[in-house]
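Line order of the protein sequences matches chains Y and V. Residue 228 in this note's numbering is what sits at position 203 of the first sequence, and the numbering runs on without skipping anything. Residue 215 in this note's numbering is what sits at position 190 of the second sequence, and the numbering runs on without skipping anything. Think of the CB as a built atom: it goes at the ideal place given N, C-alpha and C, for glycine as much as any other residue. All of these numbers come straight from a predicted model, not from anything done at the bench.
Number of protein chains: 2
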Amino acid sequence: MAVTLADVAAAAGLSGSTVSRALSAPEKVNATTRERVERIAREMGYVPNHSARSLTAGRTDLIGLMVPDIANPFFPPIIKAVQARGMQHGRTVLIADVDERPADELPRARTMRRQVDGLIIASPRTPDDLMDELLALGPVVFVNRAVPGAASVVIDEAGGMDQAVEHLAALGHRNIAYLNGPKRSWSNTQRRNAVLAASARLGLELVELGPFEAQVQSGVHAADLVIARGITGVIAYDDLIALGVMARLTERGVRTGADISVIGVDDSPMSAMAYPTLTSVHVPGDAAGSQAVDTLLAIIEDRQVEDDEHVVLDSRLIVRSSTGPARTT
Amino acid sequence: MAVTLADVAAAAGLSGSTVSRALSAPEKVNATTRERVERIAREMGYVPNHSARSLTAGRTDLIGLMVPDIANPFFPPIIKAVQARGMQHGRTVLIADVDERPADELPRARTMRRQVDGLIIASPRTPDDLMDELLALGPVVFVNRAVPGAASVVIDEAGGMDQAVEHLAALGHRNIAYLNGPKRSWSNTQRRNAVLAASARLGLELVELGPFEAQVQSGVHAADLVIARGITGVIAYDDLIALGVMARLTERGVRTGADISVIGVDDSPMSAMAYPTLTSVHVPGDAAGSQAVDTLLAIIEDRQVEDDEHVVLDSRLIVRSSTGPARTT
DNA sequence: GGTTATACTGCAAGCGGTTGCTGCAACCGC
DNA sequence: GCGGTTGCAGCAACCGCTTGCAGTATAACC
């Protein structure tokens, strides 16, 4: 029912090979012939068959993207960017959402690998011992996680976290808390270490709380701990937790931004829309997504790229109204 | 490099056809042979080549899912459900995010159609005149939009909207507003009509505002209009808008749930976590997603299904704390 | 014991493209 | 005018798997 190469060839009075070349290796064919073929193909509505092409070419033009949770606002920008950049290069993106179950990652990645040319993995919580197996799956680029011997695009969260701590310090906060994210999260480690270092450097009193799941509900819980400790500045693992903290503070009559300052991470759309608007560390997920595609394609197409190419993107603090000067008691 | 059918056949001392049948049409092969083949295949790590199988079989085992915006919290549940159900049936899901650009839908659908066996389209804003063309693309199931002559899974939003209006009426609200969603949105039409009917029936004064984009920011804007009109009960097109309304009300010193009641639609995760928690109409996106897959597969596999099968799912109001008794002035 | 059913297995022809190699003609330079 | 490029198109094999049909061995039947 669909128009095939052979149909076009017949209509053009040419052999299949010539039509094939006219359409995909234009320089190997006479210019006038090529134009004729292109015209006829267009008129007939010819569309090359993906499976057939994949079969001989050995590639599927599909790339896989694995994320822990589509619903987590951190990921949509990455997903969109990956799709967009992929499309620019004629690649379709297959998304695997592992629903925050790190144990599913390897099997899902294996399954997906059979259909795609390469994988982009944005799963910060994968246990370390799985990384090697993931890595062995072929062209892989990790997002937001540096893996020795593998290509990766990471966001230098330290910079932004540093700015966050400095911001609190500048506002006069002395007792601050860091609300840890999920236990095995690589980004949590990065964020935590940066906060630790910065507060030590600036002579702030730092309390670590958590670990917390990356959910608003965790923040609600955390808020009570924060209040109990007499802390005035809070840096949360992510925006969701920060939003939970704010909600609970308000509920308990504590004014965010006045009594207690709260900082999130991710600069998700909600942060600008929460009340009060949330000061947050902007993490360029979209840039990371595009870059990941570029790196992956470079590896797949075997351009002279070391396959442990390492790209680092900067993060930065976006100050809004959830932070303010410390009360001078 | 990869193990092929032929490799397995050679190792088993059988022909390719037998191995093929042993693996995919078990009843056509001797039981002991089959077991032997299965064992050898497993030991050799044989994985059938997707492209090759698609080429002969004429199907890709991929299904396409088109959504307007992954970042909109209404869609992740649908996406997850579609993926999950698809996987149960050995189908992989290709997601197309059209970034809220209805004009992109048709071309994207066309492109996608070449790689998938069928399409699930969850785009409530597609202009009507495109529907026919989308429909012509082959097996298609629409989600949350009834299309004549096409299979669809719609959520009966009227029920939930009805409950929402009744809820406000019961709380004593007399002047209520409906905040319209995007202009061409099919679901907005449904929701609006239901609200209109219910408030007429209950003798409430209804003001329509909008249309608004489905974004928190729109709600912020809407809130001021609501206050200016002296309205006490608000039903927003969706949770995002409702959250924006709440944020702005709080900002202006108006107490949500006490001074003004706010109801959203979608019952997104955020609604339970906002402050105050948001009363919202629960729309079973996940159920719709699974159902859409079932319907689509039924059509693809040509089970005796009318291809304009119509499934309706119920919605219902979840009361939280953003609604309360009307002030008795 | 011969014959027909029965149960497997193998052969070979594709599915729709891609690609190395061959063939042919026009063109080059000497 | 002849051998030697050069440019372009066709042949045919092949990618890995499926499947209709044929072949063969065994079972079942009279």
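Around the beta-carbon of PRO98(V), 16 or more other beta-carbon atoms lie within 10 Å, marking it buried. In the DSSP annotation of this structure, the continuous segment of the alpha helix (DSSP H) that includes ILE324(V) starts and ends at 310 to 325.
In the three-state reduction of the DSSP assignment, PHE100(Y) falls in the helix class, which pools H, G and I.
Residue pairing by DSSP places LEU234(V) opposite LEU204(V) in a beta bridge.
Taking a 10 Å sphere around the C-beta of ARG277(V), we find fewer than 16 other C-beta atoms and assign the residue as exposed. By alpha-carbon distance to SER76(Y), the top candidate from GLU238(V), ASP86(V), ALA299(V) is ASP86(V). Below 8 Å, enough C-beta pairs join the segment 184 to 199 of chain V and the segment 253 to 260 of chain V to call them touching: three or more. The beta-carbon of ARG139(Y) is placed less than 8 Å from the nearest beta-carbon of chain V. The beta carbons of LEU274(Y) and ALA248(Y) sit about 5 Å from each other, so the pair counts as a contact at 8 Å. Going by DSSP, THR304(Y) is part of the beta strand (DSSP E) stretching over 304 to 307. Secondary structure at LEU39(Y): coil, using DSSP grouped into helix, strand and coil.
Membership of ASP291(V) in the beta strand (DSSP E) is indicated by the continuous run 286 to 291. Nearest to GLY206(V) by C-alpha distance, out of HIS198(V), ARG217(V), ASP142(V), is ARG217(V).
Just measuring C-alpha positions, the residue of ARG78(Y), LEU80(Y), ALA36(Y) sitting nearest GLU63(Y) is ALA36(Y). Under the 8 Å criterion on CB atoms, TYR262(V) is classed as non-interfacial with respect to chain Y. Under the Cβ criterion of 8 Å, ILE104(V) is counted among the residues facing chain Y. Contact annotation: the segment 211 to 231 of chain Y does not touch the segment 38 to 48 of chain V, with fewer than three C-beta pairs closer than 8 Å.
With its beta carbon less than 8 Å from one in chain V, GLU276(Y) belongs to the interface.
Collapsing the DSSP output to three states places ARG341(Y) in a strand. Contacts with chain Y (Cβ-Cβ distance below 9 Å) from the segment 238 to 260 of chain V involve GLN240, VAL241, GLN242, GLY244, VAL245, listed in chain order. CA-to-CA, the gap between ARG345(V) and ALA147(V) works out to about 28 Å. Taking a beta-carbon distance threshold of 8 Å, ASP122(Y) counts as an interface residue toward chain V. By the criterion of at least three beta-carbon pairs nearer than 8 Å, the segment 162 to 176 of chain V is in contact with the segment 126 to 146 of chain V. Cβ proximity to chain V below 7 Å picks out VAL72, HIS75, SER76, ALA77, SER79, LEU80, THR85, ILE95, ALA96 from the segment 67 to 96 of chain Y.
Secondary-structure assignment with DSSP links ILE180(V) through a beta bridge to LEU338(V). Unbroken alpha helix (DSSP H) runs of no fewer than 4 residues, entirely contained in the segment 100 to 185 of chain V, are found at 100 to 113, 127 to 138, 153 to 160, following chain order. The segment 281 to 291 of chain Y makes no contact with the segment 55 to 75 of chain Y, as fewer than three CB pairs between them are under 8 Å. Taking a cut-off of 8 Å for Cβ pairs, the segment 157 to 167 of chain Y and the segment 310 to 328 of chain Y touch, as three or more such pairs fall below it. In the three-state reduction of the DSSP assignment, ILE260(Y) falls in the strand class.
By the criterion of a C-beta distance shorter than 6 Å, ALA121(Y) is surrounded in its chain by MET91, ARG133, MET137, once the five residues flanking it on both sides are discounted. Distance from the Cα of PRO93(Y) is smallest, within the candidate group VAL118(Y), ASP129(Y), ASP181(Y), for ASP129(Y). Across the set PRO294(V), ALA299(V), TYR300(V), the C-alpha of PRO294(V) shows the shortest separation from the C-alpha of HIS307(V). Exposed is the label assigned to ASP157(Y), since fewer than 16 other Cβ atoms lie within 10 Å of its Cβ.
Restricting attention to TRP211(Y), GLY197(Y), VAL279(Y), the CA atom closest to the CA of VAL179(Y) is found in TRP211(Y).
In the structure shown, the three-state DSSP call for THR281(V) is strand.
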